[in-house]
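Here the structure is laid out as structure tokens; the discussion comes afterwards.
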Amino acid sequence: MYIAEADNQHRAEGGPVFESVPEKATYVQTMFDDIAPSYDVLNSVLSAGIHSSWRTFATRCAALQSGDWVLDVCSGTGEWTVPLRNVVGSSGTVVGLDFSFPMLRSGAERFASVQSEALQGDASRLPFKSGLFHAVTIAFGIRNVVDQAEAFREMARVLRPGGRVVCLEFSQVKNPVFRSLYSVHSKWIMPVIGKLVSGHPTAYAYLPESVARFKTREELAEIMREAGLSPVRMVDLMFGLVCIHVGVKKVSLP
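Below, the structure written as structure tokens:
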């Protein structure tokens with residue numbers, strides 16, 4: 025099950041207080057189930073539509089070819105399946121996996137339109153045999169996985185040697201001016217719009233706080249290396265607001 029790292033003493037701005045890891049797990053799963061119907065609309069509104077271009081760029085980082093097999097972990101409503109299918113073509117395979125069935129259900133038409141499979145499952149226990157996929161992608165989901173190291177080990181396991189894990193995630197903004205603007209957006213604008221559109225009282229206060237508490241880009245890269253992904257390349261977008269980590273599965277010598 026995906027949950028954010030335990031932080032029992034932390035209280036988000038207008039967000040929930042958690043007394044235990046199971047309590048946070050229940051909250052996060054219920055939250056994503058609840059906001060599923062409005063998730064795509066809010067992503068587009070709150071990012072001004074830019075999030076689609078981030079996925080398009082990250083797709084190029086996967087170095088996929090026609091006919092390849094790709095797994096999209098924490099796929100949500102399947103937004104990444106469209107650019108992935110455009111690259112691998114009808115001869116390839118695209119599989120989306122997410123822990124929230126309502127999120128998958130909300131994206132059912134999208135999955136069907138690009139002939140992609142959608143499965144409910146756990147990022148830390150991927151239900152696939154080893155060495156099956158040419159690439160594994162994950163967008164804005166790794167920070168909500170309880171055991172990130174195990175998740176990356178699982179991604180590396182199901183990769184073919186030389187295959188790539190492409191992780192697209194929010195990170196720490198480097199530019200001080202843009203950092204101030206984003207702080208206002210995430211603390212004041214995002215929670216208000218999120219609450220009005222989704223109807224969930226705390227989801228869009230919790231989500232930016234989960235970004236603020238997440239690991240640095242360097243710490244995440246080290247976790248990927250320890251999982252057997254090396255080298256790991258990092259690409260910053262939007263002054264570091266988003267960071268793409270690209271890790272290559274080591275090729276075993278004969």
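According to the numbering used here, numbering within the sequence shown proceeds without interruption in unit steps and concludes at 278.
Cβ coordinates follow ideal geometry from the N, Cα and C atoms, glycine included.
Computed from a predicted model, the values in this text were never measured in an experiment.
query                                                                                                               : result
Assigned secondary structure, HIS158 (DSSP; H/G/I helix, E/B strand, else coil)                                     : strand
Same chain only: Cβ atoms within 6 Å of LEU156, ignoring 5 sequence neighbours per side                             : VAL182
GLN144 - DSSP class collapsed to helix/strand/coil                                                                  : strand
Inter-stretch contact (C-beta, 8 Å, three-pair minimum) for the segment 111–129 and the segment 87–94               : yes
Start and end residues, beta strand (DSSP E) containing ARG167                                                      : Unbroken run through ARG167: none, as it is neither H nor E.
Own chain partners of GLU139 with C-beta closer than 6 Å, once the 5 adjacent residues on each side are dropped     : Per the sequence shown, residue 139 should be read as Gln rather than Glu. If we look at GLN139 and ignore the five residues flanking it on each side, it has no Cβ neighbours.
Coarse secondary structure for ILE240, derived from DSSP in three states                                            : For the record, residue 240 in the displayed sequence is Thr; it is not Ile. Coil, per DSSP.
Nonlocal neighbours in the same chain, by C-beta distance under 6 Å from LEU143, ignoring five residues either side : LEU121
Buried or exposed (CB count within 10 angstroms, at least 16 for buried), SER99                                     : buried
Span separating the alpha-carbon of ARG35 from that of PRO225                                                       : Note that ARG35 scores a pLDDT of 40, beneath 50, so its modelled location is shaky; the value from the coordinates is reported in the next line. Approximately 14 Å, taken between the alpha carbons.
Coil, strand or helix - SER13 by DSSP                                                                               : Within the shown structure, residues of the chain are numbered from 25 to 278, placing residue 13 beyond reach of any answer.
C-alpha gap between SER207 and HIS75, whole angstroms                                                               : 18 Å
Distance between beta carbons of ARG188 and VAL259, contact taken as under 8 Å                                      : In fact, because the Cβ distance is near 13 Å, the residues do not count as touching under 8 Å.
Validate contact between the segment 184–203 and the segment 214–229 using beta carbons, cut 8 Å, 3 pairs           : no
Contact check, THR161 vs SER130, beta carbons under 8 Å                                                             : no
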